[in-house]
Amino acid sequence: MFIAWAADRAGLTDYVGSFAWTPSHAAWFIKQGAWSAKPEPGALVFFDWKGGKSYQGIDHVGIVESVSGGKIHTIEANVDRVWLKRKVRETDKVVGYGLPRLVKANATLSEIRSTERPFAPALREREPQGSVFDVLGTPHALLAVMVLTTIVLSLRFAGRRRGTRRRLAWPWSAPSRRDHGLSWTDADPAWPDPDPAWTDPDPAWTDAHPAWSGPDPAGDGRERDTGSRRVPVVIGGPPGDQPPASRRRPYER
Numbered sequence: 001m002f003i004a005w006a007a008d009r010a011g012l013t014d015y016v017g018s019f020a021w022t023p024s025h026a027a028w029f030i031k032q033g034a035w036s037a038k039p040e041p042g043a044l045v046f047f048d049w050k051g052g053k054s055y056q057g058i059d060h061v062g063i064v065e066s067v068s069g070g071k072i073h074t075i076e077a078n079v080d081r082v083w084l085k086r087k088v089r090e091t092d093k094v095v096g097y098g099l100p101r102l103v104k105a106n107a108t109l110s111e112i113r114s115t116e117r118p119f120a121p122a123l124r125e126r127e128p129q130g131s132v133f134d135v136l137g138t139p140h141a142l143l144a145v146m147v148l149t150t151i152v153l154s155l156r157f158a159g160r161r162r163g164t165r166r167r168l169a170w171p172w173s174a175p176s177r178r179d180h181g182l183s184w185t186d187a188d189p190a191w192p193d194p195d196p197a198w199t200d201p202d203p204a205w206t207d208a209h210p211a212w213s214g215p216d217p218a219g220d221g222r223e224r225d226t227g228s229r230r231v232p233v234v235i236g237g238p239p240g241d242q243p244p245a246s247r248r249r250p251y252e253r
């Protein structure tokens, strides 16, 4: 904590770092590319009293004041129950050295690289935004308009032809059941067939009413001659199948 306080008072916190745990402080120097095995004045020296060489075992830190032969002169805090003290140390317990000088140099180089631009980027000219009406003059748009016009005209003419078509009228005398909500069918059992045509006289009627045998109404008193056969005429009865009458020629008897 003494080093963090001194760096803050000197305005060098960005290059020295401010950590309460010494392994994290050493890792920060390694990450900044400012870690070295060679001592120099102004460097931070990291110790492992157990003799380890890994930064994870570091348990003490000091500032290198000077280097003399194989020994280093340091300024340390919280050592020998003294808040601040100068010490001469051997290097056998040293893990490594953090170099604020390299931290500053790397930071300056990074700032230069980030701000160094040999040529200013040329401003791109904004492309004119196209309008919807610009598309109407293209060949594809003209072709689409022609196709749509042809389709609309064909639909209109087809509608007119359907509207002027003459419909066949129903015959006025044909029976119709449309008033009752039914459609006309020839084989409808509910619609009886017309009365059958009269063919031969009813035998019961003939037996009950025998043929007229009296005198001929014409005055000759004979039965009516119909040519090849004689058919009695029933007066007051239904018309029968009468053969056509033929006139006798003068030379026939």
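So in the working numbering, spot 133 of the sequence shown is number 133, and the numbers just go up one at a time. From the three backbone atoms N, C-alpha and C, an ideal C-beta is built for every residue, glycine too. Just so you know, these numbers come straight off a predicted model, no measurement behind them.
Contact check, residue i vs residue j under 8 Å by CB: the rounded distance?
i, j, result
"Ala43", "Val64", "5 Å"
"Pro41", "Val67", "7 Å"
"Ala4", "Gly98", "That pair is no contact at about 13 Å."
"Ile75", "Ala26", "Not quite, the Cβ-Cβ distance comes to about 18 Å (not below 8 Å), so this is no contact."
"Gly51", "Lys93", "6 Å"
"Thr91", "Gly70", "7 Å"
Within 10 angstroms of its Cβ, does residue i collect 16 or more other Cβ (buried), or is it exposed?
i, result
"Ile254", "No answer is possible for residue 254: the residues shown for the chain start at 1 and end at 253."
"Leu84", "exposed"
"Phe16", "It should be noted that the sequence gives Val, not Phe, for residue 16. With 16 or more other Cβ atoms within 10 Å, it is buried."
"Ala37", "exposed"
"Asp8", "exposed"
"Thr108", "exposed"
"Asp216", "Low local confidence applies: a pLDDT of 49 at Asp216 is under 50, so the model's placement there is unreliable, with the coordinate-based value given in what follows. Classification for Asp216: exposed."
"Asp48", "buried"
"Val45", "buried"
Pull up the DSSP beta-bridge partners for residue i, would you.
i, result
"Tyr97", "Ser36, Val45"
With distances taken Cα to Cα, identify the nearest neighbour of residue i among the options.
i, options, result
"Lys104", "Ala6, Gly11, Met1", "Gly11"
"Asn106", "Phe29, Arg156, Gly69", "Phe29"
"Val95", "Arg156, Leu102, Pro23, Val145", "Pro23"
"Ala77", "Phe2, Val147, Ala20, Gly70", "Phe2"
Does the ligand MN have a heavy atom nearer than 7 Å to the CB of residue i?
i, result
"Ile58", "As far as ligands go, the structure on display features none, and thus does not contain the ligand MN."
Legend entry - Length-filtered (4 minimum) alpha helix (DSSP H) runs lying within the stretch 49 to 92: none
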